[in-house]
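Chains as they are written, first to last, in my numbering: chain V, 1 to 111; chain L, 1001 to 1118.
Where a beta carbon is used, it is the ideal one built from N, C-alpha and C, also for glycine.
Keep in mind the model is a prediction, meaning the values are calculated, not measured.
Down below is the structure, laid out as structure tokens.
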């Protein structure tokens, strides 16, 4: 039990589908993150929500849309994805200035 | 921009022996944090050890210790008495200190795949 829970663990979707990844943290943290982990590439920060402020990596395509309704929940909405978007998507949370705690990841496959 | 480099894509060690994983980074910041994370085949990224740049003393956590050389921008991880459960990907990571209180980015290296052999 890590305190950061991601669902679903595995997701297969077609290029025209709309789906969402969910993340929930039970640690009382004030920041939440989405990272993308692809084979042979460094982990890439996609979005950060901290103290109601959103910071994003400008290279992330608009087909990825984050939502953070409160400090405990984070979503990543997916629509019209491409096969190259297949990856492990990791959610994390932290207190400001402290280390990140990660979930177990959602393995996404886009057909 | 900050970068983190792990020059060893793969390493192996015999059980009970000691192994050192290398990490170098590049930054113009004076205050920052450095981390080692472990990602076993189960995929969960787990914090191994943390170092604040303003602290001269090297961090230790049980069998894990670091050699932090700020001037050389080097941050290596030493694993003593290696165990089979240490088999995993190990990532070195950098975080800039944010004075304004808002959260910054954790920048990762590409990782080192460590195999502990019986």
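Sub-7 Å separation of residue i and residue j beta-carbons
i	j	result
residue 108 of chain V	residue 11 of chain V	yes
residue 1109 of chain L	residue 1006 of chain L	yes
residue 1106 of chain L	residue 1095 of chain L	yes
residue 48 of chain V	residue 85 of chain V	no
residue 106 of chain V	residue 89 of chain V	yes
residue 92 of chain V	residue 36 of chain V	no
residue 1076 of chain L	residue 1022 of chain L	yes
residue 1032 of chain L	residue 1097 of chain L	yes
residue 99 of chain V	residue 1047 of chain L	yes
residue 3 of chain V	residue 101 of chain V	yes
residue 1049 of chain L	residue 1061 of chain L	yes
residue 79 of chain V	residue 22 of chain V	no
is_contact[residue i, chain V] using C-beta, thresh 7 Å
i	result
residue 1047 of chain L	yes
residue 1058 of chain L	no
residue 1114 of chain L	no
residue 1110 of chain L	yes
residue 1105 of chain L	yes
Neighbour flag for residue i against chain A, beta carbons, 7 Å
i	result
residue 3 of chain V	The structure shown contains no chain A; its protein chains are V and L.
heavy atom of the ligand GTP below 6 Å from residue i C-beta
i	result
residue 1061 of chain L	The model depicted lacks the ligand GTP and carries no ligand whatsoever.
CB contact check: residue i to chain L, cutoff 7 Å
i	result
residue 69 of chain V	no
residue 43 of chain V	yes
Inter-residue Cα distance where the pair is residue i and residue j
i	j	result
residue 104 of chain V	residue 1093 of chain L	18 Å
residue 50 of chain V	residue 1029 of chain L	21 Å
residue 20 of chain V	residue 42 of chain V	23 Å
residue 6 of chain V	residue 14 of chain V	21 Å
residue 1003 of chain L	residue 1073 of chain L	11 Å
residue 1041 of chain L	residue 1082 of chain L	17 Å
residue 39 of chain V	residue 1063 of chain L	29 Å
residue 1034 of chain L	residue 31 of chain V	18 Å
residue 1071 of chain L	residue 1091 of chain L	21 Å
residue 69 of chain V	residue 63 of chain V	19 Å
residue 16 of chain V	residue 83 of chain V	11 Å
residue 1055 of chain L	residue 1043 of chain L	31 Å
residue 94 of chain V	residue 71 of chain V	11 Å
residue 24 of chain V	residue 1001 of chain L	31 Å
residue 29 of chain V	residue 96 of chain V	8 Å
Nonlocal neighbours in the same chain, by C-beta distance under 6 Å from residue i, ignoring five residues either side
i	result
residue 1087 of chain L	1115, 1116
residue 60 of chain V	46
residue 1020 of chain L	1076, 1078
residue 26 of chain V	3
residue 1026 of chain L	1003
residue 73 of chain V	24
residue 55 of chain V	48
Residues near residue i by beta carbon distance below 7 Å, same chain, minus five either side
i	result
residue 1009 of chain L	1112, 1113
residue 45 of chain V	33, 35, 57
residue 1017 of chain L	1082
Close beta carbons around residue i, own chain, < 8 Å, minus the five adjacent residues each side
i	result
residue 1084 of chain L	1015, 1116, 1118
residue 1058 of chain L	1051, 1065, 1066, 1067, 1068
### Message
Residues of the segment 1020 to 1053 of chain L in Cβ contact with chain V at a cutoff of 9 Å, in chain order, please.
### Response
1033, 1035, 1037, 1039, 1042, 1043, 1044, 1045, 1046, 1047, 1050
### Message
If the cut-off is 7 Å on Cβ atoms, which residues from the segment 94 to 110 of chain V count as contacting chain L, listed in chain order?
### Response
Those would be 94, 96, 97, 99, 100, 102, 104, 105, in chain order.
### Contact residues within the segment 70 to 92 of chain V, judged by C-beta distance below 9 Å to chain L
88, 90, 92
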